[in-house]
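Colleague:
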Amino acid sequence: DGAGDELWLEKVTIKKDLYGTSRPCLMDLLWVDGLTIRDLRIRNPGFWTIHPCFSNNVRITGLDIYTRGHNTDGIDPDSCWNVFIANNLIDTGDDCIALKAGRDWSGLMVNISTQNVLIQDNVFRGGHGISIGSETSGWIQ
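Its first residue numbered 1458, the sequence shown is counted upward by one per residue in the working numbering.
1) In whole angstroms, give me the CA-to-CA distance for C1553 and G1531.
2) Which residues share a DSSP beta bridge with Q1598?
3) If we count the other Cβ atoms within 10 Å of its Cβ and call it buried at 16 or more, is W1488 buried or exposed?
4) Kindly indicate which residue of T1493, L1492, L1497, L1486 has the alpha-carbon position closest to the one of D1458.
5) In angstroms with no decimal places, state the Cα-to-Cα distance between G1559 and P1534.
6) In chain order, which alpha helix (DSSP H) runs of at least 4 residues are fully inside the stretch 1529 to 1570?
7) Along the chain, where does the beta strand (DSSP E) containing L1487 start, and where does it finish?
8) By how many angstroms is the C-alpha of H1527 removed from the C-alpha of V1515?
9) Considering only their Cβ atoms, is the gap separating T1518 from R1500 smaller than 9 Å?
10) Residues in the same chain with beta-carbon distance under 6 Å from D1548, minus the five sequence neighbours each way, listed in chain order, please.
11) Specify the secondary structure class of L1497 as computed by DSSP and reduced to three states.
Encoded structure:
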């Protein structure tokens, strides 16, 4: 339990550099080659649940994610390549899966696209399903 419900109720200062919030991601994973996350039950993160960034060969399977807070996405691969997301149960207060590739000027400077993503056999109970097009300065391929 990420105890996010305590953070959702607090008024937080908006900071653009921190994606509009001071709430933490539950798993913010950078520059991982061969990332596997599987068979976890996750409840109430403060912000995004799983956020791999600049990572290759990402495999996310068998997760049970539940959250109701504002902007509490489930799985957000960001500027990642060779991504496999399957057999997850996701029930969120925002996007269940959001493909990202950098944000604003910093995303343009890094310019790493998200590419070669396979999403299959997931169940979305709440939230917005799969989102593509928000925070995509580096492109989605």
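C-beta: ideal position from N, C-alpha, C; glycine also. All values reported here derive from a predicted model rather than from experimental measurement.
Modeller: A quick look at the data gives this:
1) 5 Å
2) In the DSSP output, where bridge partners are listed per residue, Q1598 has none listed.
3) When all chains shown are included, W1488 counts as exposed.
4) L1497
5) 10 Å
6) 1561 to 1567
7) Run containing L1487: 1484 to 1487, per the beta strand (DSSP E) assignment.
8) Going from the Cα of V1515 to the Cα of H1527 covers about 26 Å.
9) no
10) Once the five neighbours on either side are set aside, the close Cβ partners of D1548 are Y1523, R1582, G1583.
11) coil
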